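Peer 1: Using the numbering used here, the letters of the sequence shown map in sequence onto residues 10 to 342.
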Amino acid sequence: MKMDVKILMYDAKNYDKESFNIALKNYEGVTIDYLDTELSLQTVYLAKGYNAICIFVNCQLTKEILKKLANYKINLVLLRCAGYNNVDIEYANKKGITIMRVPAYSPEAIAEHAMALALAVNRHIHKAYIKVRENNFALTGLTGINLYGKTAGIIGTGKIGTCMARICHGFGMKVIAYDLYPNKNLDYVEYVSLDELFQRSDLISLHCPATKENYHLINKDTIAKMKNGVILINTSRGLLVNTADLIQGIRNKKFFGVGLDVYEEEGDNVFENREDDILEHSTTSRLLSFPNVLITSHQAFLTEEALHSIAQITIENAYDFFLGKPNTANIVK
Ligand code: NAI
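1) Less than 8 Å separating the Cβ of Asp-97 from some heavy atom of ligand 1?
2) Return yes when at least one heavy atom of ligand 1 lies under 8 Å from the C-beta of Gly-8, else no.
3) Of all the options Gly-181, Gly-162, Tyr-272, Ala-309, which has the alpha carbon lying nearest to the alpha carbon of Ala-219?
4) Taking 8 Å as the cut-off, is the C-beta of Ser-210 nearer than that to any heavy atom in ligand 2?
5) Following the continuous alpha helix (DSSP H) through Ala-8, name the residue where it begins and the one where it ends.
6) Nearest CA to the CA of Gly-167: which residue from Ala-113, Ala-21, Asp-277?
7) Heavy atom of ligand 1 less than 8 Å from the Cβ of His-216, yes or no?
8) Closer than 8 Å to a non-hydrogen atom of ligand 1 - does that hold for the CB of Asn-251?
9) Here's the rule: buried if 16 or more other CB atoms are within 10 angstroms of the residue's CB, otherwise exposed. What is Tyr-190?
10) Among Asp-230, Val-267, Asn-223, Asn-237, whose alpha-carbon lies nearest the alpha-carbon of Leu-417?
11) Please specify which runs of the beta strand (DSSP E), each continuous and at least 3 residues long, are wholly inside the segment 73-130, giving them in chain order.
12) Just tell me which of Ile-240, Tyr-197, Lys-183 has its CA closest to the CA of Ala-127.
13) If contacts are defined as beta-carbon pairs under 8 Å, then Ala-327 and Val-39 qualify, I think. What distance do you get, rounded to the angstrom?
14) For Tyr-157 and Ala-56, what's the separation of their Cα atoms in angstroms?
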């Protein structure tokens with residue numbers, strides 16, 4: 010059967026185009042048109058005539074949009090990401106639209122970024138960089154702590170948490186963890202209760218998904234249980250942390266450092282250059298006003314290897330779907 014699959018990619022960045030164009034070379038009959046614009050009720054009509062659309066996690070796939078896609082006879086949405094809390098799955102299924110994602114592309118990429126944040130806030134790299142550029146070679150305010158011999162607490166030991174546990178172990182840290190389903194293969198990890206993890210950890214790194222059950226897992230009560238001088242890293246989802254309580258905890262000098270790749274209310278900021286905007290809320294500014302807080306903008310996934318893998322699996326998802334043999338493990342249910 011000769012393939013002729015046309016995909017429209019919304020909100021395509023240069024790095025998306027590069028990685029997808031390389032991956033397309035292996036899939037004859039699949040073409041992608043790239044749009045800078047995001048998918049919205051105003052732009053969904055551009056998808057008319059395509060077989061599938063491709064979007065990222067920051068795009069809201071609402072009922073209204075899904076209804077339009079169904080009218081255009083589009084029955085496949087390709088998520089070029091792992092997360093899918095942006096999609097009304099039930100409604101998509103009702104409309105006969107299959108949603109496919111990339112469940113795992115490079116857990117190491119996210120874990121390495123988590124450790125990069127931990128190291129940066131611990132050794133004040135974000136401040137040292139600016140100081141030295143200004144010819145300020147003084148060391149005041151730059152003292153860190155050794156991670157060697159300290160305790161790392163990993164919350165969620167799935168694909169990414171497992172990589173983070175391995176990295177922390179490699180640093181000579183004692184690794185403790187909490188997960189609803191402990192991973193028996195991690196023989197160097199001690200599974201403990203959540204309370205014990207909060208009480209014992211010098212570094213806490215979040216790697217569980219955001220669910221109803223763990224909404225605001227980090228809040229004033231759990232912060233109170235943590236050691237003074239703890240380092241907190243979140244590369245998972247903003248909803249895991251109650252930002253107001255975190256800010257209060259920072260003011261109370263609970264934290265040695267806080268590294269966030271994700272935060273509540275990041276929605277309008279993610280991947281946008283908003284240099285000239287007056288932001289809608291002050292959360293980000295308040296967090297950034299603290300010298301021991303470092304924020305990156307949802308970039309933990311951003312490595313060449315991860316982009317290559319995302320492109321490869323996304324196109325494969327489309328190819329196999331239109332061949333009538335979809336990889337069911339990648340279908341969101
Ligand atoms: P995974 O599904 O492999 O692992 C998640 C683990 O969390 C599982 O072992 C699960 O049992 C555990 N878990 C679920 N609920 C829990 C709870 N309430 N308490 C403790 N553990 C719980 O997922 P993976 O691939 O490791 O991803 C983790 C998270 O990382 C994703 O859900 C996503 O939010 C985030 N992520 C962030 C990226 C970024 O660029 N910053 C990129 C990709 C993922």
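All C-beta atoms in this analysis are idealised placements derived from N, C-alpha and C, irrespective of residue type, glycine included.
Quick caveat: nothing in here was measured; it's all calculated off a predicted structure.
Peer 2: On the basis of the coordinates in this document:
1) no
2) Residue 8 cannot be examined here, being either before or after the span of the chain that is shown, 10 to 342.
3) Tyr-272
4) Among the ligands modelled here, namely ligand 1, ligand 2 does not occur.
5) Missing from the structure shown is residue 8; the chain here goes from 10 to 342 and no further.
6) Ala-113
7) yes
8) no
9) exposed
10) No answer is possible for residue 417: it lies beyond the span of the chain, which begins at 10 and ends at 342.
11) 85-88, 107-109
12) Ile-240
13) 6 Å
14) 53 Å
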